Every structure is written in structure tokens, then in C-alpha cells.
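Protein chains in written order, with the numbering used here: chain Z, 2 to 368; chain P, 52 to 397; chain F, 1368 to 1700.
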């Protein structure tokens, strides 16, 4: 089905629907694309003035270690959002990954069995999502929301009403502990894991044919279908991959915290969504990417760390986070249209809405 | 891509098969046989009462728990159900996932079924009062676990004043009345938590040289351990080395994360919590861990006492039901942790 | 550009499906009736007047906030990533409740205290609306204001519960009119008013238009920004009102209540799709969905379903209803 001829077409004009006009004013959009990295630098500078500790190597690696799990969850989400969907159930996949691996370790299985078991359980969550969204055609938001509800139940049922699993340290095989707590060339294993998964996904999205097809299926579903892509299989694969990556984050979490506590995964959801879309501002097309997502993740990590290091009460921390997020996004939008001519200005204003109009038409046709 | 996937699967399968062979056909890690901790319940108080407890046959008891997120509330929630069933009663159990609004709704939904009694586990007296007034108006006897209500026929609780002050005094005495402590802010909406937090402040009035480091740290219900670990790591970098002498929390969960942040660094910081989470007990039992002290609440006894009181009350023996039944807390430190675990099967 | 994307052979599909809309329109109701019948046969208490009053009371906070969210989705489109969504609604409700409780504790009369709460909520709504009209993705703009509102709530309340007392809040909690609780009347009234505005007036028709196809609406001379700005302001105001009702219900403002209720508000607004033959979010559908979700929790308790199963049962039932609607919709094409 997916032969070379049909592929040739979508590969060339891969830029999304905004490309037509955004291309004209590449120069002005460049400024908005610098907002997220700029903010990152600004936060770093401001905090390093306020606190002498923040710029130390130990602290910087500490931050990376703290955000490694969020990074993994957000990378998974990036795939799904690139495919035009959303996954609110990453926390469930993460928790089930942690649950299965902690359980297997607790029962004395080998490290690789535990890891494989964790990933398989997470894969099951992805399969359910794919089934609901691709085959039953339930809107992704609602489908994954329901999976979230059901997943909470499943965790309680599997753990006798929600009992945590604690692994006493001497019984954990080294091969498992090293995934979350080991050091590789002096670097926290969680960082190494997050970085390697990021690299793989970045390459997958950036240079492989699969990545281009996935982008196409997400941004222009009807066009993708017409040009012969199996959009259903592509979108399903995004949910599966996302769940597996979230499940891997769960395995890392279990190894890192020496056990499993029900309902830990959902804590990462909101930050992951935020990071993914902050990342979208660095793209000329407002497209999510692994690099952008990582910038978003590090912004959140730096903010949390910095606000703790300057000793700000937690009462104010969310306010600071919210304001930073809002200003990044506003700056990106305002810079994106400030220097452009009035005519394109309106289009820039409608950047999201126009894109949405296209997907809406596409959806309407599908029925 | 679609064409390559079967190949990938094959590779994966053969890799797994190969790995199985390499590891000697066993999926299990070779591990020295360890004698399992004998999970025997030697709570004479909990056992002997059952004989003279009237039956709950034909009675329906509604249960509304605030949450089952930590060991204490979960065990009480499960134990009371079992105990009521043992006594021949029927149970309708709800839990509110730590949501205040749902807790109120749960109580309302229970009233509808006009059960013979309603038990509310944990929760907030203020937000529940309107719903509890309805329980009272409907003529359903109300029983509570771990919070005081004017409508409650009987409240079974740990003596949280005792727990709170003992926790705080133990910490203050261990510090020899001098030092700086980090405090997790806790959940002011949860009664036992609030009492313990206020007890800390009360005790510290007598120890002017013990200083709470500001700001206090945020407690979270979700992802508690990882979050607390990150917060403590940050605080340790913010504060000069050796500045923190102890960390206090009204429950064990955040301190498990704190211990994970502190223990690898070998810092001399002492941790004090409540609830005797198995994870916390593991740490206390480890002589190298910074975790010093927790308080075990006799969850089985609490549940059993509540069920007994319900049975007595419904049997008409109301004079045998006190307004409050206190359960003796068990204080756990590094010296007695193994003994306590053995005695109580936790 | 968009024209080239519409494949010719599929273009008439939406029009064609209009020829037999009747069955599809009722399938959502049928699914829900089946569930409710199950409860009614399963428990003798389900259909008692007092239980129905209980369900309506439980639904009203989510119904009112949900109607606000429904307006946002109507004017912004139901594409979650780029369309209208208000994640701040829960936190705004919490903030408004805290402000109201603080004002009431300081001696402000109840009605005025509620007004303060709603005003603060509306202010957040203005920020949301302006951000979105400036071109921010609603998902992100409201994610940011969610943090802001939640944090302000902590700052104002010092993370402490604030009790409210007094006749006004007791009346808001306990009053019953013709056997139906006051708050349920309020939900019905708001639902009816918003339904009239968004179903019967040109403002409403235009709002649907800018939500469904902003490009076309723009060409037709409508300015989407007006309708969107208004939708966020209204949404926050309604969330604020819901927040003060929640304070009355709980007789206290509880810190962090916003995150506890957010998910159910979103669920209720999106569930309204099952009451629409074209699978659009609707106001009346939102009120019905709020009642249905409350009835679901209530019914599962009445049937004595163990609490570990409630989440799974809830998720499955919602999926079942959704799937029946979507499958039905596909057969119709």
C-alpha cells in the first residue's frame, strides 16, 4: 500500500497549513521562535543573580535528574500531539509500568523481565487508546479521559485497594536499580535514559519516513489519506509508542523510588502538556518537536528549582509559574505578528484557528 | 514502516528467547531465601471482644471514607468492612478519592438508602457538617473514625494530641532543644493532620532554640514521594551544609522521598513522621537511614472498635458506647522497629 | 488553501447525513435511559423524590461551571488542541469561593460576598479572553491562568480552610422550592438563559459559526475575537458562581478544591456531545450530562458497587454511550 510513489508527494511540502504565509515572513517569526529559549536563558540569569547555588554543576545536573521523568512523559505526549491527538492517560501508562515492574521485582523476577512486563502493561493502555480512538472513533480527549478513570480503578483492583509496593533495597537486583539510580560516566541514569529516548524519538520524527508520515497524518489527515497513507495505523502507532515511553518512565520511577505508589503518574500530565506546547513556539509552523518539548521541560524544572532555591513559599510558586508560562506564550504571539504587515497580521492572529478550521473540515468529511 | 514491523517483532521475540537462555532458563533472580516476616496479629484487644459482640445480622452499614491513598486510611477502610461482614452485617462502602465535594455526595447517597448506621472515616468536620446534620435528621446513627462531630454517636480515633506532641517532643529532645527543622505544611483540611501540626507549634513554644526554616514545604496527594524528594534536594542545595537538623511531616509519605534525597549524601538529618507506612518502617529499620521515628496506629483495632461500637449501639446497649474510643498509638523508633513489626504484623 | 484540501467526493457528506438525523439524535438519550433504568430496577431508592433532589444538588455545581465551559467550546470549536477549552475553570471556582468566604468572614453580607467572588473570577476570565484573542492557544493560556488562580487561592487562604456561616449560605445550601433544591433551579435557570442566548439569538448562531469554521465566519464579516472574549468572560463568571455555591454546599472554602473538580467539569461539558445529533457541545446537553454523571455516581453507590469498581464502571459506561453514538453516526454516512 504505502509505496514509494505515494510517499514522494507528502514528503516535499511537509510544512503544515501555515507554511504558505508564514514562509513569507520568516524573518519576523524568527523572533517569536526565540522566546522559549530566551526565557530559559532569562530564568537562568535571574536566578543565578538571586541564588549563588543555581549555576553550579551539581545543581544543574540535579535539575536534569528531577525533570527526567517529566521529560519522558512529555516526549511520549509529543508523539501523540504530532499525530494530531492528545493523551490524558499517560499517567495511567506510567503507573501501570511502575506497578508491573515493581510487582515483578517484588516477586523475585529478573530485571529484564520486570522491565519487559512494565512496558507490556503500558502497551496495553496504548492499545486501548488506539482501539477507542482509531477504530471506535471516539474523540481522543474523551477516550483518554475515560481510560484515566478506568485506569485508576484498575490500579486499585490490582493492588488490593491501592496498597503501595515497597521494595526493600537489598532485594532489588542491580540490573533494575541501575535504571533509576545508577550512574553512567558520573551522570544520573534517569538523565541518560531521558536523553537517549529523546534522541531516538527526535530521529524518528526528524529524519525517518515514518516521522514525516506521522506529521502528515496529524496535520493534514484528509490529504494524507488521499495520498494513500494508512493514517489509522500511523495514529494508532503514536498512541502505542506514547504509552510505551510513559511506561518506561514508570519503570524508571519504580527503580528510582524503590517501589510503586498508586496514582503517581497523573502528577506529570499538566506539566507535560505545558512543556509540549511551549515547545511548539520554537517551530516556524507551531509544530511540536522533541527539542522544543525538552526546552519546555527544562523551563519548568529550572523554575521549580529556582523558586525553591530563593526560598519562595509554595503559596506563590504556581503564580510565578503561571505568569512565566503566560508571558512566554504572549511574547511569542505578539512578536510573531508585531513586525508583520497588517494583512498578514490577521492571519498570524488566526494561526491556530485557521489550522483548526482545516482539521474541522477534515473531520466533517470523515463522517 | 508497516512492512518492517513484523521483522521488528521477530527480532524482539528472538532476543527475548535468547535472553531467557542466557539467564539460565529462569525468569527469577536467584535470591537467598529469607524467612518471611510472620504476619500474625497479636492484638489481644482486637480479638477477644468479638465473642460478646452482638450480631449485625440483617443490618446495613454505610461507609464513607475520605480517601484510601495511604496505608492508614486504606487498612481502616478495608478492615471495618471485613469486621462488619464477620458480624453478619451488610456493607455499602464508598471512598471519595480525597475530594471534599465527593465525600459530601457519598454521605448524601448513603442517606438515601436509609442504612442502619453510617460510618465516616477521616474527613473534615466543617465541610461534612451539613451532610452529617442530614444523617442525624434522617434518624440514622452516625459513627466516625478520626474526627469529632457533634452528631457522632462514637468517634474511634488515635489520640492525635498524644501522637502530635510525642512526635514533636521526641524530635525536640533528639535535637537537644537546639537546631533548625524543615516542615511539610501538611493538609490543614484533614483533622488528624491539623492537630499534629498545631501540636508541633505548641511543643516548639517550649523550645525557643528550635527554629522552623521558612518557607514551609508543600505537601501533595499525587506523586508525593518524587515531589518531596525534589523539594528536599533543592532545599539542601539552598541552605548551607549542616543547616538542617531534622524534617517533620504529619504523615510518612513525603519523608520517604526526603530519605531518598538525604541518605545517599550521608547527611546528618533526622526524619520524623506518622502512619508507619511499610516503606517508612523499612527505612527506620535500616541503621544507615536518616529516618528516625514514626507512629503506628493500630488500624485493625480502630476498625474493630468501631464495628463493635456499631453493633453494641444497634443492639440497644447504648450505655456501653463511649462518645470517644481512643486507640493507643505505638511509637516506633530505630530500637523497637523490628519488635513492633513482629508484634503487629505490619 | 483550505479549498484544495476538501476532497470532492467527500464534500457532500455532512449535508447528506442530515436526511436521517432522527435516530442518531436519540441514541444518546437511549443509552442514558438504559443506564438509568438499570439503576431504577436495581435499587428501590433511586427514583425516590429525595434521591432525585440529592442528585440534582450534586449536579448543579458541575452543571453551572460546565455550561460556562460549553460556551467556550461553542465559540472556540471542539478541537481540544486548538479550539476552545478553559482549564482554569476549576481553579477559578476555587479562587472565587475563597474570596467569597473571606469577604463573608470579614462581615460582608452574603450577596455582596458572592458578587466579590464572581468579580474576581470574571477578572481571570478577561485575562483568558484577551490572551486567546491575542492568538494564544486556549489550552495553554488557561493552563497558565489555572496556575495563577490556584496560587492566588493559596495566598489568600494561607492554605487554610475558611468556614462560612450565616443564613445566606445556609439558605443557598438548604432551600427547596416545589420539592426541588434551590441550586438545581439556579442550574436550570442558567441553563435555560444560556440555551436561549446560544440557541435562539443571532449572537448564539454567530458564536457557533466562529467556533465551527472561523475562516468562513471571518469571510462573512464576523469577528471571532468578540465572541471568544465574551465566552471566556462568561465561563469564568459562571465558574465563579459555581465556586460560591460549592462554598455554600461545603460550608467552607477548601484550599485546592479547584483541582478536585476540574476533571468532572470538563467531562460534563464534553459529554454533552452525546445529546446532539451532530456531536456538538451544547448547553442543554451539558446540564443533562451533569445530572447524568451525578446519577451515575449515585446509582453505582445505590447498587452497592464496591468503590474500587466505581471508576472503572464510570469510565466504561461513558465509553459505551460515546461508542454507541459514534458508531451510530458512522452508519449514517
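Yeah, the Cβ is synthetic: ideal placement off N, Cα and C, and Gly gets one too. Just so it is clear, the structure is predicted and the values come from calculations on it, not from any experiment.
- Membership of residue 130(Z) in the alpha helix (DSSP H) is indicated by the continuous run 112 to 131.
- With a contact defined as Cβ atoms closer than 8 Å, residue 354(P) and residue 381(P) miss out at about 16 Å.
- Counting along the chain, the unbroken alpha helix (DSSP H) around residue 285(P) starts and ends at 275 to 289.
- Cα atoms of residue 1534(F) and residue 1613(F): separation of roughly 16 Å, rounded to the nearest angstrom.
- Contact with chain F is found for residue 319(Z), since one of that chain's Cβ atoms lies less than 8 Å from the residue's Cβ.
- Residue 273(Z) is a Cβ neighbour of residue 91(Z), given a cutoff of 8 Å.
- DSSP places residue 206(P) within a strand segment (E or B) once states are collapsed to three.
- Taking a cut-off of 8 Å on C-beta distances, the segment 32 to 51 of chain Z touches the segment 319 to 332 of chain Z, as three or more cross pairs fall below it.
- Scanning chain Z for C-beta atoms nearer than 9 Å to the C-beta of residue 1681(F) yields 147, 150, 151 and 154, reported in chain order.
- In the DSSP assignment, residue 170(P) is bridged to 114(P) and 194(P).
- A straight line joining the alpha-carbon of residue 1462(F) with that of residue 1548(F) spans about 25 Å.
- The Cβ of residue 150(P) sits closer than 8 Å to at least one Cβ of chain F.
- No Cβ-Cβ contact shorter than 8 Å links residue 178(P) with residue 323(P).
- Counting the other Cβ atoms within 10 Å of the Cβ of residue 103(P) gives fewer than 16, which makes it exposed.
- Rounded to the nearest whole angstrom, the CA to CA distance from residue 1665(F) to residue 1453(F) is 27 Å.
- Residue state for residue 310(P) is assigned as helix, using DSSP reduced to three classes.
- With distances taken between CA atoms, residue 1539(F) lies nearest to 1481(F) out of 1603(F), 1481(F) and 1658(F).
- Among the residues of chain P, those whose CB is under 7 Å from the CB of residue 1618(F) are 177, 178, 180 and 181, following chain order.
- Closer than 8 Å to the CB of residue 143(P) there is not a single CB belonging to chain Z.
- Under the Cβ criterion of 8 Å, residue 48(Z) is not counted among the residues facing chain P.
- In this structure residue 184(Z) is exposed. Its beta-carbon is surrounded by fewer than 16 other beta-carbon atoms within 10 angstroms.
- Rounded to whole angstroms, residue 1492(F) and residue 1484(F) show a C-alpha spacing of 12 Å.
- Separation of the CB atoms of residue 142(P) and residue 162(P) is rounded to 16 Å, and the pair is thereby denied contact status at 8 Å.
- At a C-beta separation below 7 Å, residue 1530(F) has these neighbours in chain P: 177.
- Taking 8 Å as the upper bound for CB-CB distance, residue 1674(F) and residue 145(P) are in contact here, some 5 Å apart.
- Only 1528, 1530 and 1540 from the segment 1528 to 1562 of chain F bring a Cβ to less than 7 Å from some Cβ of chain P.
- One finds 163 in chain P with Cβ atoms closer than 7 Å to the Cβ of residue 1417(F), taken in chain order.
- Taking C-beta separations shorter than 8 Å and ignoring five residues to either side along the sequence, the partners of residue 311(Z) in its chain run 48, 51 and 52, following chain order.
- Cβ neighbours of residue 1677(F) within its own chain (closer than 6 Å, five residues either side excluded): 1667.
- Taking a Cβ-Cβ cut-off of 8 Å, the neighbours of residue 1512(F) in chain Z comprise 323 and 327, given in sequence order.
- In this structure residue 171(P) does not touch residue 376(P) by the C-beta definition: roughly 15 Å separates them, more than the 8 Å allowed.
- Contact between residue 297(Z) and residue 276(Z) holds: their C-beta atoms lie close to 3 Å from each other, under 8 Å.
- Nearest C-alpha to residue 1553(F) among 1515(F), 1641(F) and 1425(F): 1425(F).
- Among the residues of chain F, those whose CB is under 8 Å from the CB of residue 334(Z) are 1501, 1502 and 1503, following chain order.
- The C-beta of residue 1396(F) has fewer than 16 other C-beta atoms within 10 Å across all chains shown, which makes the residue exposed.
- Contact note: residue 54(Z) reaches chain P through 288 and 289, using a C-beta cutoff of 8 Å and chain order.
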